[in-house]
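To start, the structure under review is shown below, and the notes come after it.
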Amino acid sequence: QQQVRQSPQSLTVWEGETAILNCSYEDSTFNYFPWYQQFPGEGPALLISIRSVSDKKEDGRFTIFFNKREKKLSLHITDSQPGDSATYFCAARMSNYNVLYFGSGTKLTVEP
Amino acid sequence: EAAVTQSPRNKVAVTGGKVTLSCNQTNNHNNMYWYRQDTGHGLRLIHYSYGAGSTEKGDIPDGYKASRPSQENFSLILELATPSQTSVYFCASGDTQGANTGQLYFGEGSKLTVL
Chain B
205 QQQVRQSPQS LTVWEGETAI LNCSYEDSTF NYFPWYQQFP GEGPALLISI RSVSDKKEDG
265 RFTIFFNKRE KKLSLHITDS QPGDSATYFC AARMSNYNVL YFGSGTKLTV EP
Chain W
41 EAAVTQSPRN KVAVTGGKVT LSCNQTNNHN NMYWYRQDTG HGLRLIHYSY GAGSTEKGDI
101 PDGYKASRPS QENFSLILEL ATPSQTSVYF CASGDTQGAN TGQLYFGEGS KLTVL
């Protein structure tokens with residue numbers, strides 16, 4: 205079964221708008237949640253991450269909001285730019301277990 | 041900057057043939073992983089390794105074998121390739137510290153087509 209779920213599958217926003225990408229998970233033992241960004245023809249690369257002891261993590265225009273009780277998190281991209289157009293993967297990891305479980309991804313398109 | 045190199049980048053194989061995908065990392069990471077990426081499924085873990093000589097099964101190991109002969113190299117082997125194994129395969133590496141921060145370094149992918 206899918207341990208990590210993402211929605212929407214695809215999202216289009218205009219330049220300057222805020223894009224919101226959603227993620228949920230099943231296993232309450234997950235305690236670390238990285239987001240990866242992937243451009244066509246490339247491998248995924250770490251964008252931003254959060255631990256379950258926090259409810260928010262910011263890095264420039266990228267912010268993760270985390271709700272432990274509901275097992276949900278979201279990635280907000282403010283002032284979206286065409287260069288942000290990529291596929292974004294939410295992932296999850298258990299403590300002391302060196303394996304990442306990935307969601308199915310959200311393909312973001314930012315129109316100029 | 042971590043460097044993970046995969047070969048071949050593109051491969052066309054016939055059903056029933058043997059395919060070996062190779063991965064090399066130059067950053068002395070302990071852990072290495074093989075994922076496959078398919079539309080609608082994201083990245084799914086096939087095999088992983090904690091160090092030379094070790095291999096572990098991931099979520100979808102059936103039809104695949106793995107080999108970790110050294111710290112730098114990790115191979116994925118399809119003994120009898122099937123069309124359902126047509127996919128893009130990604131190798132990744134990470135060390136203990138990297139694993140604790142969730143940071144994996146991915147290669148650029150190997151596109152496999154099985155006819």
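Heads up: the protein sequence lines correspond to chains B and W, in order. Each residue of the first sequence is one higher than the one before, counting from 205 in this note's numbering. Each residue of the second sequence is one higher than the one before, counting from 41 in this note's numbering. Even glycine gets a Cβ: it sits at the ideal position worked out from N, Cα and C.
Residue nearest to residue i in terms of C-alpha spacing, selected from the options
| i | options | result |
| --- | --- | --- |
| residue 258(B) | 273(B), 216(B), 312(B), 223(B) | 273(B) |
| residue 65(W) | 153(W), 112(W), 86(W) | 112(W) |
| residue 44(W) | 88(W), 57(W), 62(W), 118(W) | 62(W) |
| residue 145(W) | 120(W), 72(W), 59(W) | 72(W) |
| residue 279(B) | 233(B), 316(B), 223(B) | 223(B) |
| residue 286(B) | 301(B), 269(B), 261(B), 312(B) | 312(B) |
| residue 155(W) | 148(W), 126(W), 131(W), 94(W) | 126(W) |
| residue 226(B) | 254(B), 250(B), 213(B), 248(B) | 213(B) |
| residue 288(B) | 236(B), 242(B), 261(B) | 242(B) |
| residue 84(W) | 307(B), 302(B), 244(B) | 307(B) |
| residue 101(W) | 114(W), 80(W), 75(W), 82(W) | 75(W) |
| residue 124(W) | 60(W), 47(W), 103(W), 87(W) | 103(W) |
| residue 240(B) | 301(B), 268(B), 216(B) | 268(B) |
| residue 79(W) | 153(W), 128(W), 106(W), 119(W) | 128(W) |
Any chain B beta carbon closer than 8 angstroms to residue i
| i | result |
| --- | --- |
| residue 119(W) | no |
| residue 143(W) | yes |
| residue 146(W) | yes |
| residue 149(W) | yes |
| residue 71(W) | yes |
| residue 130(W) | yes |
Sequence-distant residues of its chain with Cβ nearer than 7 angstroms to residue i (five each side left out)
| i | result |
| --- | --- |
| residue 305(B) | 207, 208, 295, 296 |
| residue 70(W) | 90, 91, 135, 136 |
| residue 229(B) | 207, 208, 275, 296 |
| residue 309(B) | 210, 291, 292, 293 |
| residue 265(B) | 281, 282, 283 |
| residue 220(B) | 283, 284 |
| residue 157(W) | Residue 157(W) cannot be examined here, being either before or after the span of chain W that is shown, 41 to 155. |
| residue 143(W) | 134 |
Delimiting residues of the beta strand (DSSP E) encompassing residue i
| i | result |
| --- | --- |
| residue 81(W) | Careful: residue 81(W) lies outside any beta strand (DSSP E) and carries neither H nor E. |
| residue 281(B) | 276 to 281 |
| residue 64(W) | 59 to 65 |
| residue 132(W) | 127 to 134 |
| residue 269(B) | 266 to 271 |
| residue 263(B) | 260 to 263 |
| residue 296(B) | 290 to 298 |
| residue 310(B) | 310 to 315 |
Contact with chain W by residue i, beta-carbon distance below 8 angstroms
| i | result |
| --- | --- |
| residue 309(B) | yes |
| residue 175(B) | No answer is possible for residue 175(B): it lies beyond the span of chain B, which begins at 205 and ends at 316. |
| residue 251(B) | no |
| residue 304(B) | yes |
Proximal residues to residue i (C-beta, below 6 angstroms), its chain only, five neighbours per side dropped
| i | result |
| --- | --- |
| residue 50(W) | 151 |
| residue 205(W) | Residue numbering for chain W in the displayed model covers 41 to 155; residue 205(W) lies beyond these limits and cannot be assessed. |
| residue 238(B) | 250, 253, 295 |
| residue 233(B) | 298 |
| residue 235(B) | 256, 299 |
Contacting residues, own chain, Cβ-Cβ under 8 angstroms from residue i (five flanking each side not counted)
| i | result |
| --- | --- |
| residue 96(W) | 87, 88, 89, 90 |
What residues from the segment 74 to 95 of chain W come within 8 angstroms of chain B, judged by C-beta to C-beta, listed N to C? Cβ proximity to chain B below 8 angstroms picks out 75, 80, 81, 82, 83, 84, 85, 88, 90 from the segment 74 to 95 of chain W.
Tell me which residues of the segment 221 to 248 of chain B have at least one Cβ-Cβ distance to chain W shorter than 9 angstroms, keeping chain order. Closer than 9 angstroms at the C-beta level to chain W, one finds these residues of the segment 221 to 248 of chain B: 236, 237, 238, 240, 242, 245, 246, 247, 248.
Quick one: which residues of the segment 266 to 295 of chain B get their C-beta closer than 8 angstroms to a C-beta of chain W? List them in chain order. Of all residues in the segment 266 to 295 of chain B, 293, 295 have a Cβ within less than 8 angstroms of some Cβ in chain W.
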